[in-house]
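One structure is given below, encoded as structure tokens.
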Amino acid sequence: MASKYKITTYLSDKALYERVINSAKKAGMTQSKYVESLLMQERAHANDVRKVRPEIEIYDHYYPRQDIFPSHGALVLDEVLASTPSERKSFYSEQIIQAANAGILADFYKEVYGENVHKVDDDSAIFMFLRLQFSGSLKKSSNVSSVELKYRVMYQPMIITSTEWDKYSGYYDFFNIRYLRQSDLINKEWRRNFSSRYSGVAPIFERRREHKDHCGFFIPVFKEPKFFADRLSEISNATVGVNDLFCGVKNTNNKERFNLSGRKLLNI
Numbered sequence: 163m164a165s166k167y168k169i170t171t172y173l174s175d176k177a178l179y180e181r182v183i184n185s186a187k188k189a190g191m192t193q194s195k196y197v198e199s200l201l202m203q204e205r206a207h208a209n210d211v212r213k214v215r216p217e218i219e220i221y222d223h224y225y226p227r228q229d230i231f232p233s234h235g236a237l238v239l240d241e242v243l244a245s246t247p248s249e250r251k252s253f254y255s256e257q258i259i260q261a262a263n264a265g266i267l268a269d270f271y272k273e274v275y276g277e278n279v280h281k282v283d284d285d286s287a288i289f290m291f292l293r294l295q296f297s298g299s300l301k302k303s304s305n306v307s308s309v310e311l312k313y314r315v316m317y318q319p320m321i322i323t324s325t326e327w328d329k330y331s332g333y334y335d336f337f338n339i340r341y342l343r344q345s346d347l348i349n350k351e352w353r354r355n356f357s358s359r360y361s362g363v364a365p366i367f368e369r370r371r372e373h374k375d376h377c378g379f380f381i382p383v384f385k386e387p388k389f390f391a392d393r394l395s396e397i398s399n400a401t402v403g404v405n406d407l408f409c410g411v412k413n414t415n416n417k418e419r420f421n422l423s424g425r426k427l428l429n430i
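Using this note's numbering, read the sequence shown as starting at 163 and increasing by one per residue.
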């Protein structure tokens with residue numbers, strides 16, 4: 163007996179039409195029964211999806227086109243007249259990171275760009291510099307009120323053009339890279355770093371590892387894609403006229419990532 167619940171379907175794809183015909187024959191079903199069986203399977207799957215939802219999705223590794231490079235530098239830290247250790251720590255940490263960033267820029271544009279990394283002909287390109295590892299040593303200088311710092315930073319340059327952005331269909335937010343530990347993912351601490359507009363993260367592959375840290379840096383993945391120009395507009399307030407952006411390790415990271423010996427000399 164024919165059912166009163168009737169739907170007539172027209173398929174514009176000949177190959178799809180023939181597939182339905184052949185699959186129905188193999189299954190020993192009428193064409194309508196075969197289509198109905200597919201819908202029933204989809205409904206069952208949809209029910210499962212509603213019951214089990216992932217907290218966060220881990221996507222395939224992102225492989226930067228560029229290599230990882232070292233940057234060396236030295237810095238004299240003058241004694242700061244701060245009342246608390248936390249204030250001194252904040253002051254010195256900011257000085258160290260600023261010096262590291264300046265050293266990375268000098269090294270990249272003088273030694274790397276155009277030599278080990280091909281130049282790009284794109285005025286809208288953004289140069290991301292990811293500090294992967296910092297190691298430094300402090301010692302007293304000849305000036306009793308100063309401390310000398312010698313350091314090395316391993317950094318990953320990433321040149322983000324509209325082409326690179328579109329390669330991932332506008333889903334990868336290269337301008338919000340974060341360091342995450344395994345415990346951050348398990349205990350949902352990642353929510354503090356990422357807004358609800360992200361569906362998951364893509365780990366950044368490190369070609370050169372001189373540490374034993376098993377955690378790493380991740381690119382957040384949008385739930386809805388964004389155009390490159392629109393994303394640049396969003397970050398323009400903080401980066402007006404700036405094509406060089408920095409992110410990565412700082413003093414709050416573990417010793418495998420940020421190792422500063424002689425901290426006692428700074429009274430922190």
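Where is the CB? At the ideal position from N, CA and C, for every residue including glycine.
Predicted model only: the values in this text are computed from it and were never measured.
Shortest Cα-Cα distance from Gln344 to any of Asp328, Tyr360, Gln318 and His376 involves His376. Residue burial annotation: Ala177 is exposed, with fewer than 16 other C-beta atoms found within 10 angstroms of its C-beta.
Beta-bridge partners assigned by DSSP to Asp240: Ser308. Annotated three-state conformation of Gly298 is strand, per DSSP. If you draw a 10 Å sphere on the C-beta of Gly362, you find 16 or more other C-beta atoms in it, and that means buried. Contact holds between the segment 301 to 311 and the segment 236 to 252, because three or more Cβ pairs, one in each stretch, are under 8 Å apart.
In the DSSP assignment, Ile348 falls within the unbroken alpha helix (DSSP H) covering Gln344 to Ile348.
For Ile397, the enclosing alpha helix (DSSP H) has its first and last residue at Phe390 to Ile397.
If you ignore the 5 residues before and after Asn405, its C-beta comes within less than 8 Å of the C-beta of Ala287, Ile288 and Phe289, all in its own chain and listed in chain order.
For Asp269, the CB contacts under 6 Å within the same chain, skipping 5 residues up- and downstream, are Ser233 in chain order. The Cβ atoms of Tyr341 and Asn415 sit closer than 8 Å to each other.
For Ala261, the secondary structure class from DSSP, reduced to helix, strand or coil, is helix. Closest in C-alpha terms to Glu219, from the list Phe356, Val182, Asp175 and Gly332, comes Phe356. Comparing C-alpha distances from Ile339 to each of Gly424, Met320 and Ser423 shows the shortest one belongs to Met320. Two segments are said to touch when three or more pairs of C-beta atoms, one from each, lie closer than 8 Å; by this definition the segment 412 to 427 does not touch the segment 388 to 398. Cys377 has no beta-bridge partner at all, per DSSP.
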